[in-house]
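*Asks:*
Numbering (this note's numbering), first residue to last: 1408 to 1537.
Okay, structure coming up:
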């Protein structure tokens, strides 16, 4: 597989795509054998990688398999700004512009706790900071 060994992003795409396919296949197999939670983890990671590679058919398969496990598929990305809901993104942008949690809550007509929860997503689970 010479393309996989090449330098730069172009050389990594085939490896990442194969990794995504393997994760989706593993997740499907785990689901068929009753290991729903393990399947979800593999399928979610496979979905994210497939999306990064631009493999739309694999994204659709992974999302369908993930739904079959009972998971709610919110976004194809697990990390970065694309993984945020519109509400989380609004809060993150206001915070990035220097607004305090209280100011954000007032602007969006929500309570401060809601702002704190939304800010926990971009800086915590998604790996993206506002």
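Glycine included, each C-beta is placed from N, C-alpha and C at the ideal position.
On the DSSP letters alone, give me the boundaries of the alpha helix (DSSP H) that residue 1508 sits inside.
*Replies:* 1508-1515
*Asks:* In whole angstroms, give me the CA-to-CA distance for residue 1455 and residue 1443.
*Replies:* Approximately 18 Å, taken between the alpha carbons.
*Asks:* Excluding five sequence neighbours on each side, which residues of the same chain lie with their C-beta closer than 7 Å to the C-beta of residue 1453?
*Replies:* 1427, 1430, 1431, 1434 and 1469
*Asks:* What are the start and end residues of the alpha helix (DSSP H) that includes residue 1464?
*Replies:* 1463-1475
*Asks:* Going straight from the alpha carbon of residue 1464 to that of residue 1457, what length do you get?
*Replies:* 9 Å
*Asks:* How big is the Cα-Cα spacing for residue 1495 and residue 1507?
*Replies:* 15 Å
*Asks:* Between residue 1424 and residue 1450, which are expected to be in contact by the criterion C-beta below 8 Å, what is the C-beta distance as a whole number of angstroms?
*Replies:* No, residue 1424 and residue 1450 are not in contact; Cβ-Cβ is about 16 Å, not under 8 Å.
*Asks:* Between which two residues does the alpha helix (DSSP H) carrying residue 1502 extend?
*Replies:* 1493-1503
*Asks:* Report the rounded CA-to-CA distance for residue 1475 versus residue 1526, giving the unit in angstroms.
*Replies:* 30 Å
*Asks:* Relative to the C-alpha of residue 1479, which residue among 1488, 1489, 1501 and 1447 is closest?
*Replies:* Closest option to residue 1479, Cα to Cα, is 1447.
*Asks:* Please classify residue 1459 as buried or exposed, where buried requires at least 16 other C-beta atoms within 10 Å of its C-beta.
*Replies:* buried
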